[in-house]
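Listed in order, the protein sequences are those of chains V and X.
For the first sequence, position 156 (counting from the first letter as 1) is numbered 156 according to the UniProt record's numbering, and the numbering increases by one without interruption.
For the second sequence, position 251 (counting from the first letter as 1) is numbered 251 according to the UniProt record's numbering, and the numbering increases by one without interruption.
Each residue gets a CB set at the ideal place from its N, CA and C atoms; glycine is no exception.
Quick caveat, the model's predicted, so the values are computed rather than measured.
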Amino acid sequence: MTADVAGLAPELAGAKKGQGDRPLASAGERFTSYDVEAFEVPGGREEIWRFTPMRRLRGLHDGTAAFDGTAVVAVEGAAAETVGRDDPRIGEGGVPADRVAAAAWSAFDTATVLTLDGTPEPVTVTVQGPGEGRCAAAHLQVRTTPHTQATVVVTYSGSGTLADNLEIVLADASQLTLIVTDEWADDAVHVGAQHISVGRDAALRGVAVALGGDLVRNSSTVQYRGPGGDAELLGLGFADAGQHLEQRLLVDHAVPHCRSNVHYKNALQGDGAHTVWIGDVLIRAAAEGTDTFELNRNLVLTPKARADSVPNLEIETGEIAGAGHASATGRFDDEQLFYLQSRGIPEDVARRLVVRGFFGEILSKITLPELRERLEQAVEAELAVTGA
Amino acid sequence: MSTLEIKDLHVSVATEDGPKEILKGVDLTVASGQTHAIMGPNGSGKSTLAYAIAGHPKYEVTSGSITLDGEDVLAMSVDERARAGLFLAMQYPVEVPGVSMANFLRSAATAVRGEAPKLRTWVKEVKTAMADLGIDPSFADRSVNEGFSGGEKKRHEVLQLALLKPKIAVLDETDSGLDVDALRVVSEGVNRYRESGDAGVLLITHYTRILNHIRPDVVHVFAGGRVVESGGPELAEELEKHGYVRFTQAGAPA
Ligand SMILES: Nc1ncnc2c1ncn2[C@@H]1O[C@H](COP(=O)(O)OP(=O)(O)OP(=O)(O)O)[C@@H](O)[C@H]1O
Ligand SMILES: [Mg+2]
Chain V
1 MTADVAGLAP ELAGAKKGQG DRPLASAGER FTSYDVEAFE VPGGREEIWR
51 FTPMRRLRGL HDGTAAFDGT AVVAVEGAAA ETVGRDDPRI GEGGVPADRV
101 AAAAWSAFDT ATVLTLDGTP EPVTVTVQGP GEGRCAAAHL QVRTTPHTQA
151 TVVVTYSGSG TLADNLEIVL ADASQLTLIV TDEWADDAVH VGAQHISVGR
201 DAALRGVAVA LGGDLVRNSS TVQYRGPGGD AELLGLGFAD AGQHLEQRLL
251 VDHAVPHCRS NVHYKNALQG DGAHTVWIGD VLIRAAAEGT DTFELNRNLV
301 LTPKARADSV PNLEIETGEI AGAGHASATG RFDDEQLFYL QSRGIPEDVA
351 RRLVVRGFFG EILSKITLPE LRERLEQAVE AELAVTGA
Chain X
1 MSTLEIKDLH VSVATEDGPK EILKGVDLTV ASGQTHAIMG PNGSGKSTLA
51 YAIAGHPKYE VTSGSITLDG EDVLAMSVDE RARAGLFLAM QYPVEVPGVS
101 MANFLRSAAT AVRGEAPKLR TWVKEVKTAM ADLGIDPSFA DRSVNEGFSG
151 GEKKRHEVLQ LALLKPKIAV LDETDSGLDV DALRVVSEGV NRYRESGDAG
201 VLLITHYTRI LNHIRPDVVH VFAGGRVVES GGPELAEELE KHGYVRFTQA
251 GAPA
């Protein structure tokens, strides 16, 4: 767990110093559309697809996915609406920026809209995969009213293939704690897009947890509608043998005096475990007084696993409060293991100690004790699976 | 009463040009109640011996034996050796980011003692042991050895020694990198451990200055991968005056 970049793809050597390998403006000028046909079919060499194993997308990207199944969205602890595609609120969170998100947008029949008002008890949303061999599109919007303070847990689980859009619309001066967990069965493929729109003086505390699935790719975009907005995006991923976990973030600061803090941590264990973290932060000319920091740390527990990490920060104004980014990939190495074992600690306990320590600062931010314990146990179960 | 017995130990490391033999027949017996000092020039294999006892995977024992009270140490995993009562204070303690010292110490004590120490007495025990070694309590919350100075790392090695109370402790250059005050504090820690009960110490060092604080019963001169001479404390004084020349020639491979 040294602060080196072991495990970083060779072509991204420059990313170590935080210089991406492309002009960042492209992140801000990316193409968006609700219409799947407006996007060309990606071949896999495109910037936004080049880390993704396209063959494992089951046709979500090229129009061959059948969308023959249904993902049941259930809301517990609050009343939610089921609305048609023409509901005027749909799309307030943002617009798809890749072909799979647009395909999901073009394919869903009804959307679930969850409106949080006042200071409700924590609300749980479960999205159940369509089942093995099936493919589904889903659409969920979580929105707050002004001055609301709420906590929502969205859990993805089950089998099959899912493409979905999750809109998060924060009204002015509202506060939302949003915990999204991908806890899929081994066969599942999930390609998700999160469109986050933060109102004036609103604050989002997000924690994204990715544990299961064959391939899980989540792309999140944060936009601010007025000054004083604050977005904290924490993430935790555990990739085991053969698993592909991809987290893509774009924080688009186009409004003055907003804050963002991105902190993602991944652990990898087992042959072919692969994590990808892309953190784009764009501070546009108008976004004076922006305060942003993004950090990605990866812990490689076994040799044949790979963590790609690309932080990109583009600043178009000199008048910022602060901006920084860092990325580090380290290994749990034999020397650390030897040291812990030489004090009598068995190997499995030593690994648990290190991984618990590594994820501690993310998990400790989850304020729901039952959920935190469940996730801690899920992480330990992941550790036990591949044993190493 | 415990005895660590090393017989005709040969150890190799893997190098690009194939295995390289570093220990060439080490014979050594340390019993509890004794302090043995091993002195020898750089590169003579002292740390290799220490690591081989602890079971570091990089070092391959090609022949010979190590037993603790008759039990085959070489058949044990690294953690089993520690639980059997062996301890190695390392020359270069390893940093383990993300794991707090407090958590680490408790996990180690739980493993070595076979049960989790009672929380209330444990907290006090750790506090006292830290105070004895002049370690600020804030270190408990820091990651294991991360960003510690050389001297701080050494103090923490002795802290672990104090808490884990092994039967036989190997101290690999625990004195190097310490200023005069730290040397005194650390030596006192080792002496406390040694006098606390049935404990044996194998002290690897370059310098006789630590031997003014920790009196050895036996001094071994190590050269060319083996013990070339053993004697009383006066041997250390001779080394101080004349260096290793006499022994390195004697110990040089034919
Ligand atoms: N992986 C390795 N490849 C090649 N040579 C090695 C390797 N590990 C150790 N050695 C060599 O083995 C010899 C003994 O090393 P060791 O660290 O045991 O010496 P030492 O007596 O502890 O020295 P010092 O007094 O400097 O601590 C040295 O010559 C060292 O270079
Ligand atoms: Mg040495």
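Any chain X beta carbon closer than 8 Å to residue i
i: Val5 of chain V; result: Confidence at Val5 of chain V is low in this model, with a pLDDT of 34, below 50, so the placement of that residue should be treated as unreliable; the coordinate-derived value is given next. With 8 Å as the cut-off, Val5 of chain V does not count as an interface residue toward chain X.
i: Arg134 of chain V; result: no
i: Val354 of chain V; result: yes
i: Gln336 of chain V; result: yes
i: Glu382 of chain V; result: no
i: Glu29 of chain V; result: no
i: Gln149 of chain V; result: no
i: Tyr339 of chain V; result: yes
i: Gly289 of chain V; result: no
i: Ser346 of chain V; result: Ser is not the amino acid found at residue 346 of chain V; the sequence shown has Pro there. By this cut-off, Pro346 of chain V is an interface position.
i: Phe358 of chain V; result: yes
i: Ser342 of chain V; result: yes
i: Val349 of chain V; result: yes
Best match in the options for proximity to residue i [C-alpha to C-alpha]
i: Ala80 of chain V; options: V:Val41, V:Thr126, V:Asp280 and V:Ala38; result: V:Thr126
i: Ala384 of chain V; options: V:Thr367, V:Glu40, V:Leu268 and V:Val73; result: V:Leu268
i: Gly322 of chain V; options: V:Glu314, V:Gly289, V:Ala101 and V:Val354; result: V:Gly289
i: Ala171 of chain V; options: V:Arg89, V:Leu215, V:Ala136 and V:His244; result: V:Arg89
i: Leu178 of chain V; options: V:Trp184, V:Val169, V:Ala185 and V:Asp186; result: V:Val169
i: Gly43 of chain X; options: X:Leu133, X:Leu88 and X:His206; result: X:His206
i: Ile315 of chain V; options: V:Val255, V:Asp334 and V:Thr115; result: V:Val255
i: Ser157 of chain V; options: V:Val72, V:Pro120, V:Pro227 and V:Val100; result: V:Val72
i: Arg343 of chain V; options: X:Ser65, X:Thr3, X:Arg184 and X:Leu161; result: X:Leu161
i: Asp334 of chain V; options: X:Phe247, X:Lys154, X:Glu95 and X:Val186; result: X:Glu95
i: Val100 of chain V; options: V:Val75, V:Gly199 and V:Val36; result: V:Val36
i: Ile22 of chain X; options: X:Arg226, X:Ala236, X:Gly231 and X:Thr248; result: X:Arg226
i: Leu178 of chain X; options: X:Ala54, X:Thr3, X:Glu152 and X:Val11; result: X:Glu152
i: Trp277 of chain V; options: V:Arg248, V:Ser174 and V:Val123; result: V:Arg248
i: Gly270 of chain V; options: V:Thr367, V:Thr302 and V:Leu313; result: V:Thr302
i: Thr161 of chain V; options: V:Gly118, V:Thr70, V:Val152 and V:Asp280; result: V:Thr70
i: Val190 of chain X; options: X:Thr35, X:Ser12, X:Gly64 and X:Ser2; result: X:Thr35
Check: residue i C-beta below 7 Å from any heavy atom of ligand 3
i: Asp172 of chain X; result: As presented, the structure is devoid of ligand 3, carrying ligand 1 and ligand 2 as its sole ligands.
Residue i Cβ short of 7 Å to ligand 1 heavy atom set
i: Ser44 of chain X; result: yes
i: Gly40 of chain X; result: yes
i: residue 286 of chain X; result: As shown, chain X starts at 1 and ends at 254. That puts residue 286 of chain X outside it, with no answer to give.
i: residue 259 of chain X; result: Residue numbering for chain X in the displayed model covers 1 to 254; residue 259 of chain X lies beyond these limits and cannot be assessed.
i: Gln141 of chain V; result: no
i: Lys20 of chain X; result: yes
i: His206 of chain X; result: yes
i: Lys58 of chain X; result: yes
Closer than 8 Å to chain V by CB, residue i
i: Arg155 of chain X; result: no
i: Val180 of chain X; result: no
i: His56 of chain X; result: yes
i: Gln249 of chain X; result: no
i: Ala52 of chain X; result: no
Under the three-state DSSP convention, the category residue i falls into
i: Asp187 of chain V; result: coil
i: Ser342 of chain V; result: coil
i: Gln128 of chain V; result: strand
i: Gly69 of chain V; result: coil
i: Gln247 of chain V; result: strand
i: Arg362 of chain V; result: Per the sequence shown, the amino acid found at residue 362 of chain V is Ile instead of Arg. Residue state, collapsed to three classes: helix.
i: Phe104 of chain X; result: helix
Contact test: residue i Cβ vs ligand 2 heavy atom, cutoff 7 Å
i: Ser47 of chain X; result: yes
i: Gln247 of chain V; result: no
i: Gln341 of chain V; result: no
i: Gln91 of chain X; result: yes
> Does the pairing of the stretch 230-250 of chain V with the stretch 206-213 of chain V give three or more beta-carbon distances under 8 Å?
Replying inline: yes
> Looking at C-beta atoms only, is the number of pairs between the stretch 170-183 of chain X and the stretch 96-113 of chain X that lie closer than 8 Å three or more?
Replying inline: no
>> Three or more C-beta pairs under 8 Å: does that hold for the stretch 32-41 of chain X against the stretch 217-230 of chain X?
In response: yes
> Are the stretch 190-200 of chain V and the stretch 220-229 of chain V touching, with three or more C-beta to C-beta distances below 8 Å?
Replying inline: yes
>> Does the stretch 191-201 of chain X come into contact with the stretch 161-168 of chain X, if we say contact requires no fewer than three beta-carbon pairs (one atom in each stretch) closer than 8 Å?
In response: yes
> How about the stretch 69-76 of chain X and the stretch 15-33 of chain X: do they share at least three Cβ pairs that are nearer than 8 Å?
Replying inline: no
> Does the stretch 345-363 of chain V come close enough to the stretch 372-379 of chain V to have 3 or more Cβ pairs within less than 8 Å?
Replying inline: yes
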